[in-house]
Structures are given as structure tokens and as C-alpha cells.
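I have placed the structure first, in the form of C-alpha cells, so that the comments after it can refer back to it.
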Amino acid sequence: MAAPLLPETSETAARIAVAALVGLAVGIERERAGHTVGPANDFAGLRTFFLLGLLGGLGGLFAVHELASVGVALVAAGALLTVGAYFVTAQRDAIHATDGTTEVAALVVLALGVLAGGGALRLAAALAALAVLALAEKQRLHGWVGRLDSVEMRAAMHFAVLALVVLPILPADIATPVGTLTPRATWMLVLVISGLNFAGHLARRVVGQAHGYAVTGALGGLVSSTAVTWGFSRSSQDDAALRPAYAAGVIAASTVLFPRVVVVVTLLNPTVGIEAARLLVAPFVVGGVFTWWAARSSASAAPAAAEASQRSPLRLGAALQMAVLFQLVLLLMAFVREQFGAAGIFTTAALFGVTDVDAISVAMTRVPDAAFASTAAQAIVVAVASNTLTKALIAAAVGRGTFRSRATVALMGMLASLVASL
35 MAAPLLPETS ETAARIAVAA LVGLAVGIER ERAGHTVGPA NDFAGLRTFF
85 LLGLLGGLGG LFAVHELASV GVALVAAGAL LTVGAYFVTA QRDAIHATDG
135 TTEVAALVVL ALGVLAGGGA LRLAAALAAL AVLALAEKQR LHGWVGRLDS
185 VEMRAAMHFA VLALVVLPIL PADIATPVGT LTPRATWMLV LVISGLNFAG
235 HLARRVVGQA HGYAVTGALG GLVSSTAVTW GFSRSSQDDA ALRPAYAAGV
285 IAASTVLFPR VVVVVTLLNP TVGIEAARLL VAPFVVGGVF TWWAARSSAS
335 AAPAAAEASQ RSPLRLGAAL QMAVLFQLVL LLMAFVREQF GAAGIFTTAA
385 LFGVTDVDAI SVAMTRVPDA AFASTAAQAI VVAVASNTLT KALIAAAVGR
435 GTFRSRATVA LMGMLASLVA SL
């Protein structure tokens, strides 16, 4: 008896099943969205997508079982039929716009079917879920894009150039008489900070200005909680009625600082990030309680322009300044650690934390070994505590009335929890 072309095993059945289900999922979405009925109906419905997924799965199976020519022929035939159907549909109904989304979805189903047939079941399933989500959320995606202006589009293109063109050509290390410079790591920091700035800007655009000062403060805290504290403290001098709301914004911005630091540090050094997260859990809970209290007791008036608008969502100037500061901190930290050990590091962290937490936090991720991770995390907490004390002093000195009392009490409460965590 001749051997079968493909092994009749449960693994083969699973691959075919996932490939077919990928097509079924996309086909259901296309049917539900109404792209398979009406005067300008597309070429494929639920059954066609199911069969395309099956075809791709068979192509992938043949390819991994030394029948690559058969697999390529099957997938190529499916792709040619899909492209041909697009041109036929466009010529048949020139009045209606033919955007080709369904045809592209069919090609994606073929490709994902090949992935599943080749054994990449999890990847195929994950990409299928992402594709269905993108198809189903058409209105929301178009609405979000409609909110973007030319400034944001230029910022996105600038960020792409900085990440894809500039970063790869930078050297990793440069030896100098004063120490080792790290251009690539420093530029990566520019990308991280400017990316966070951009994310905060987009979040503010999506959320809008009608959800309260607590939300505005929290989103502003993604960029700079110190700047939010200074801005709201100044605003409290002019508008007595909104002082409780300003206080809620400052408390929320300071609370967001804790997870923001943890995320940045974890991205750069997971070991230090885990240690820092353990130390910052209690302060974050305390800040969350104060934020809930302040937001609940404050007026829910729509926020005015409490935060100065940014000329560029990336804020590259600020990111570059912080990156230079980061490099200086690295050089200083190397000298201090060599001369004074951990005690000198804590002193440096406290001094730099007065104005900026990010530089010292990122510098602490450049630890030489895992044994130093705990000390690095403690130095980060010291910097955060120093920054929190600075914001409390700003609120007390610049703020007025109920803003001053509420913001100062909350910030000192967070400071106490930070000190207790050390």
C-alpha cells in the first residue's frame, strides 16, 4: 500500500483545523459587516473564506512534508483567484467604490493558513484575532485617525526616522578620557521618553478635556508630574473655585509617576524593574486612595487649558536634554560608586531626583550585575521620594487655599510610604 501524502495524525488535524477556523473567523466578520451582500458585494463570503483558510493550511502542510511545489501551487492559485476577483469586481461595478479590504483579508487568510499548516498555530491564531479586530473596529479606527492633525502626523514620521534610521547607525560604546559614552543607549532613551510624550498627547486627544482634572493630571503625569504640579499650583492662585479639582490633578499625576517609572525601568532592565515595582506598590496604593478621595470630593468641571500645549507631541528638545543628563548621570554614577559605594549613589539619586526622576531611574538600569539590582531599585525609590518632596514644597509654596492643603497632605502621605518602603 502506498504511503499517504500527508500523515494522518492529530497534529495534522489540528493544523488544518486552525487554518480553517482562521478563514471562518474572518468570513464571519465580513458577512456580519455586510461586505458580501448588496449591489457592490465583494467576491467572498463565509464559505469562501473558510475554504481559503483550508487551502492555505494544505499548502503549508505540503510545504513542510517535502511537497513544497504542491503547496506553492495551491497558495499561488488561491492568491491569483483573489486578485483576479478584485479586478472583475471593480470593472463590473465602477460606480461603487471598491477598496479591496475584503480581497486583502482573503490574502491574509491564505498566509495565516500557511502558517498554521506549517505548525505556527499560536502565531496564526494571534494574527487572525488581530486581523478580525482591525476589520471589526473600522469606524473607531477611522474616527481616531480623523482626530489626528498634521502636527501629529509629522511627529509620527519624525519618530519613525529617529527609530529606524538614526538608532541603527549609532555605535554602542565610545571610550573617552572621562569614561565610556553610550550613544545607542542614550538615543534609545530619547525614543522612550519622546514615545511616552507622544502617547500622553494622543491619550489626551482621545479622552478629551471633559473628564475632569484628575484624568487630565494623570495623562499629564505620563510626561512630567513635576510640570503638572507647577502648572496647577500656579492656576490655583487665580481660580479659587477649581482649587480642589487642581489638587486632584496633581495627586493623580504624582500617582501615575510610580507605574511610569516601573514600566520604563522594566523595559530597560527587568531585574531592576521587578525590585522597583516591589518597593513602589505601597506608595502607588496610597496615591490611588488619595486620588480617589480628591477626585470624588472635587468639582467635575471641564478642565481648561491648564497644561501648556506642546509644539511637538514628541517634545524632542526635552527628551534630548534628559538624555544628555542621563549620560552625565552615568559618568557621575560610575565615579561615585567607585569612590563612595552605595551611600554615594543614594546621595546622587536624591539630588538628581529633585528635578527629574527619569534620568536617575534609567541610569540605574545600567547595573553591572544582578547583585546590584536591589541597590539600584532603592536608589530609584530615593529619587522618587526626593521628587515627591519637591512637588510637596511647590504645592505648599505656590498653591493657595484648599489646593495647597489637599495636595500637600496627599504628597506627604505618598512620601511617607516611599520612605517606609526602603
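Positions 35 to 456 (my numbering) are the ones given, in order, by the sequence shown. Note that the Cβ used here is the ideal one computed from N, Cα and C, for glycine as well.
Distance between residue j and residue i (C-alpha atoms, nearest Å)
i, j, result
"Ile50", "Gly447", "59 Å"
"Ala454", "Ala310", "14 Å"
"Ala328", "Gly177", "33 Å"
"Phe96", "Ala139", "23 Å"
"Val185", "Gln125", "38 Å"
"Leu157", "Asp272", "56 Å"
"Ala47", "Ala189", "48 Å"
"Ser103", "Ser44", "24 Å"
"Val122", "Leu101", "32 Å"
"Leu276", "Phe369", "47 Å"
"Gly387", "Ala393", "8 Å"
"Phe193", "His99", "43 Å"
"Ala407", "Ala274", "46 Å"
"Val323", "Gln355", "34 Å"
"Trp264", "Pro293", "21 Å"
"Ala107", "Ala168", "29 Å"
"Val295", "Ala197", "22 Å"
"Thr210", "Leu456", "36 Å"
"Ser395", "Leu114", "54 Å"
"Gln173", "Leu164", "16 Å"
"Ala159", "Lys425", "47 Å"
Nearest candidate by alpha-carbon position, reference residue i, set the options
i, options, result
"Ala105", "Gly147, Phe83 and Arg268", "Ala is not the amino acid found at residue 105; the sequence shown has Gly there. It is Gly147 whose Cα lies nearest to the Cα of Gly105."
"Ala53", "Trp327, Glu63 and Leu92", "Leu92"
"Val284", "Arg188, Thr116, Gly251 and Glu309", "Gly251"
"Thr216", "Pro317, Ala206 and Phe369", "Ala206"
"Pro202", "Pro211, Leu225 and Ala190", "Leu225"
"Met187", "Gly387, Thr210, Gln355 and Leu348", "Leu348"
"Ala383", "Asn421, Ala407 and Gln355", "Asn421"
"Thr116", "Leu89, Thr263, Val319 and Ala209", "Leu89"
"Ile414", "Ala145, Leu175, Asn303 and Arg218", "Asn303"
"Gly151", "Val109, Ala197 and Val299", "Val109"
"Ala444", "Arg400, Leu141 and Thr325", "Thr325"
"Leu256", "Arg277, Gln355, Val298 and Pro278", "Val298"
"Leu161", "Leu114, Trp264 and Ala145", "Ala145"
"Asp390", "Ile208, Ala441, Val416 and Ala407", "Val416"
"Ala397", "Leu456, Thr210, Thr300 and Ser439", "Thr300"
"Ser439", "Thr82, Pro278 and Leu175", "Pro278"
Close beta carbons around residue i, own chain, < 6 Å, minus the five adjacent residues each side
i, result
"Ser259", "Ala287, Ser288 and Leu291"
"Leu55", "none"
"Ile87", "For the sequence presented, residue 87 should be read as Gly rather than Ile. Result list for Gly87: Ala53, Ala54, Val56, Gly57, Val143 and Gly147, in chain order."
"Ala154", "none"
"Glu42", "none"
"Leu204", "Pro217, Arg218 and Trp221"
"Ile208", "Leu215"
"Thr399", "Val299, Leu302, Asn303 and Val306"
"Met500", "Since the first residue shown for the chain is 35 and the last is 456, residue 500 is missing from the structure and cannot be characterised."
Close beta carbons around residue i, own chain, < 7 Å, minus the five adjacent residues each side
i, result
"Leu385", "none"
"Tyr280", "Tyr247, Phe266, Ser269, Ser270 and Phe437"
"Leu350", "Ser228"
"Leu427", "none"
"Val166", "Ala59, Val60 and Glu63"
"Val195", "none"
"Glu65", "Gly79 and Leu80"
"Leu423", "Leu449"
"Ala411", "Val306, Glu309, Ala310 and Leu313"
"Arg451", "For the record, residue 451 in the displayed sequence is Ser; it is not Arg. Excluding residues within five positions, the ones whose Cβ falls inside 7 Å are Ala316, Pro317 and Val320."
"Phe232", "Ala189, Phe193, Pro347 and Leu348"
Neighbourhood of residue i by C-beta distance below 8 Å, restricted to the same chain and skipping five residues each side
i, result
"Glu171", "none"
"Gly134", "Tyr120"
"Val200", "Trp221"
"Phe380", "Gln412, Ala413 and Val416"
"Leu175", "Ala168"
"Ala67", "Leu169, Ala170 and Lys172"
"Thr82", "Gly61 and Ala140"
Cβ separation of residue i and residue j, assumed to be a contact under 8 Å, to the nearest whole Å
i, j, result
"Gly57", "Phe84", "5 Å"
"Ala429", "Ala419", "Not really, about 16 Å apart at Cβ, beyond 8 Å."
"Gly94", "Leu141", "Contact doesn't hold; Cβ gap of about 15 Å is too wide."
Evaluate the contact criterion for the segment 261-276 versus the segment 433-440: three or more CB pairs, one atom per stretch, below 8 Å.
yes
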